[in-house]
Structures are given as structure tokens and as C-alpha cells.
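Under our numbering, the letters of the sequence shown match residues 106 to 535, in that order.
Ideal Cβ positions, reconstructed from N, Cα and C, are used throughout, including at glycine.
Keep in mind it's a predicted model, so treat the numbers as computed, not measured.
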Amino acid sequence: MSKATRSLLASIATLAALSVASCEDAGPLGEARRPIINGQVDETHKAVVALTVSGWGQSYSFCSGTVIAPRAVLTAGHCVEESGIAPTQMQVFFGTTVGDGSTKIRVTSATVHPDYYVRQDGAPMNDVAVLTLSQDAPVPPVAWQRTPLSDISGKTVTLVGYGVTNAQRQSGDGTRRVVDLQVTQMDESFIYYGGGTKGTCQGDSGGPMFLDVNGTLTIVGVTSWGDQSCVQLGGNTRVDTFAPFITPLARLPVDLTIDRPAEGETVGGVFDVEVSASSLAGVAEVDVFVDGEMVGAAVAPPFVFQVVGRADGPHVVKVRGTGVDQGTAEKTVNITIATVAAGGACSQDAECGSGICADADSGAGFCSQACQTDADCPGNAACNTVSTGKLCGPPGSAVGGCRAGGSPAGASLGLLLLALALGLAARRRR
């Protein structure tokens, strides 16, 4: 028998012993692994999972947790430190009752808060951990409290877990149950409830305390410890206090879409990249790259970026979204830039290599370009003063269009003259 196998069997034996132990044997506050007392079977909170270990052909649940990212499960630190079960021997169960054939996913690693310890009275402090799964969870993650939580004393919260339903007999565990309780008080580490006939107990540890925060069911606490009866007093670790620890371990993906340009689209010399981005954690930044070079960044919507000055031909546009929790996503599209040269017909600025379509409003627009003197203009074209500055156009014309705020008479003739001038210039260069 290998050392790993002996360790696993010893852990299961310890777990079996704990499952029949009474609360009176558990210490001043009761064994920290805490089931829902006087709750209801829960088929709603599918992101709440059981932490299990397998042996002798079946699975045993020993704690609870909640999916907060596709591969991250939030739980209590003592579920890792005090269970005697190596993280790589743990599995996360998705379903109502352990062993019903629902999905199980292997845990690859566990990160416990570095300052975790057990207080003299038995209460685990800094009692939070994040498990990493070997593959994405089959259920969506839920929100958790990332910013400071105001005093919620007196408010009703919802607790969910797979623990026992009878504290004395230590029976009834392995089924997900839910109970609503009233918060009695808070301190920097814990949110408390107590003084009733309901509560969490052995096996509920690591499960969530939910609160409706602005219409969103949000984890505000993690089930940590309680009294021997499991109904008189319970403490749930505040997740907002430990947000700096949880955040880098729970990176949610950013939902990212390039709305335009479309894959394979041909665009002009000036074009917009329009992006939709969202994340449960919040979007921190959206960046746009063309052929690997960053061309724009924004920290708030609308995420619209104008791209100019790229050569004709194929290009790769990549968009990267970053969440507040450092979660990321990337999307790319392949496009072709095909611009109209100066003097060519156009109907909008984006079609021109210069980004300037003069006289577009007339229906006979032509691609122009900015200038300071006639020498800046191709062929026999002249540098004409217009309302927005100076643009190249036919000699003696008043180039108008969308850039000049009007469409002067003779625009069609101006286009013809400029095209002719450019054509003659092209012949001279041959």
C-alpha cells in the first residue's frame, strides 16, 4: 500500500469518526466543520457545492463551498487545514445530494489565507481559502462582496450547505439545504447570527452567507464556526475583509465581443473598432491592438476606438479586456484596409487614405488631403483655404463637402479637374 493510499484511508477514517462525534466532544465552540439545522432541501443555489473525498467506492462530504469563478471555489480555511485531506484528494460535487451521480470535479490546488490560525477558544481566524478546479465548473459563478460592507445587523441572510441536520446524532449530511437567518452583529472578522432554532452545523463549513445587495445575491460571509448546538451562535468570515486575498485567486473571465469591424471585412483608411465588454467583477480596461501595436485604451464604455494611418492590405485587430479582478479575455478579427487615393471618388471620410472626403455632401465627393502650400498637393492640385483649414483641390476652387460644412457649386467639375490633374501627374512620373 502506497503512502498516498495510507494517507487517504486515514483521512477517511478520521472523517467517519467525526461524522458520528457529538458536538459535546468538539471543544468550546464545537468542531469547526459545521450542517443546516431546521433548513430546507435546496435545489436553487447550484453554485453551492460539496467538498468530498472518495473511498471504498463512495464519496463522503466534509465541507461546503461556492463557485466564484469558472475554476475557483470559495470555502473556509479550516476545510483545508484541519480536515487532514490533501487538496489533490478532494473533489467538488455539483448537485443536491452527494452520490446521486451528478458532476464531480477534481481539485488541483488550494490556497489558504497565509495568516490562518485557530484561536484559543476554537474559532478559526482568517478562515478563508480558494480551491482551484481541474476544469470549468458546469454552473455559473456567483457574485461576492468585494467592497467594504456596511453594518447589516438585523438584516436577513441566506445560508446554504451540505452539513448534518441533527447536531447530537451527527446525521443527515450530504444534502444541500438552505436556511434564512437574522444577523445579530458584526466585527472586522465575522458576521454573527444566533439565539434561535436554526443554524449551520458540521459539514456546512465553507458554505456561503448570501445577502441581496442591490438586487444581486451576493456572498458576504463564509460559514466558519458555531456553538455545540449549532443554533445558538454562529460566526461567518466576512469576505469583504479578505477581498485582497480572494481577488487574484478568483479571476472571472471578461465577456468580450468585437461589434465592428466584422471578421473578413474590408474597411477604409479610417475605421472604428467598437467593443462590448462586461464582467461580474467589473471591467477595468479595454485595449485595442492592430498587428500587435496598441492603438487605443479605455477604462469605461463606450468602448469605441478610431484607427487611422494604416497601410492598405491585410491586418489583424486584437481586443483585450481586463476585469477588476485581473481576469482577461481576448478576441481578434482579420480585416483588409483598402483606401481611395487622393482625387478618387468617395462618399465618406473612411474611404480615403487621407481620411478626408471633400464635397461628400454633393454626391460627387473626392479624396483630398490637408496641405499648407500648393507644393503639398499632388499634380496640378492647389492648396485651397476652407472653413476647417486647408485642403488640396482643383486650382481656384473652394473645396467643400463634409469637411468644409457645405457643398459648393461646381463640385463635380472640381472632382473632374482634380482627377485629371492627378492623372497627368501620374503620366509624368512614368
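Considered as a whole, the segment 310–375 harbours 313–318, 321–331, 338–343 and 360–365 as its complete beta strand (DSSP E) runs of no fewer than 3 residues, in chain order.
Look at the beta carbons and you see the segment 254–268 touching the segment 303–321: at least three pairs across the two are nearer than 8 Å. Only residues of its own chain outside the window of five on either side were considered, and among them 246, 248 and 357 have a CB closer than 7 Å to the CB of residue 385, listed in chain order.
Distance from the Cα of residue 177 is smallest, within the candidate group 462, 432 and 443, for 432. Going by DSSP, residue 390 is part of the beta strand (DSSP E) stretching over 388–395. The C-alpha of residue 376 lies about 10 Å from the C-alpha of residue 415. Taking the C-beta atoms as reference points, residue 329 is found no nearer than 8 Å to residue 215. Residue 258 sits in coil when the DSSP states are folded into three classes, being neither helix nor strand. 156 is the residue among 494, 288, 405 and 156 whose C-alpha sits nearest the C-alpha of residue 190. Under the three-state reduction of DSSP, residue 192 is assigned to helix. In the DSSP assignment, residue 282 is bridged to 146 and 266. For the set 380, 252 and 307, the Cα lying nearest the Cα of residue 343 is the one of 252.
Membership of residue 185 in the alpha helix (DSSP H) is indicated by the continuous run 183–186. Taking the Cβ atoms as the reference, residue 418 lies roughly 6 Å from residue 442, within the contact range of under 8 Å. The continuous beta strand (DSSP E) containing residue 419 extends over residues 418–428. Excluding its 5 nearest sequence neighbours in each direction, residue 259 has C-beta neighbours in its own chain below 7 Å: 287 and 288, listed in chain order. For residue 156, the enclosing beta strand (DSSP E) begins and ends at 153–160. Non-local C-beta neighbours of residue 192 in its own chain, meaning closer than 6 Å and more than five positions away in sequence, comprise 212, 214 and 215, ordered along the chain. Pairing residue 424 with residue 363 gives a Cβ-Cβ distance under 8 Å. Taken atom to atom, the span from the alpha-carbon of residue 223 to that of residue 149 is near 33 Å. One thing to note: residue 234 has its Cβ within 8 Å of the Cβ of residue 184. Sequence-distant Cβ neighbours of residue 218 in its own chain, meaning closer than 8 Å and more than five residues away, are 182, 231, 232, 233, 234, 347 and 350.
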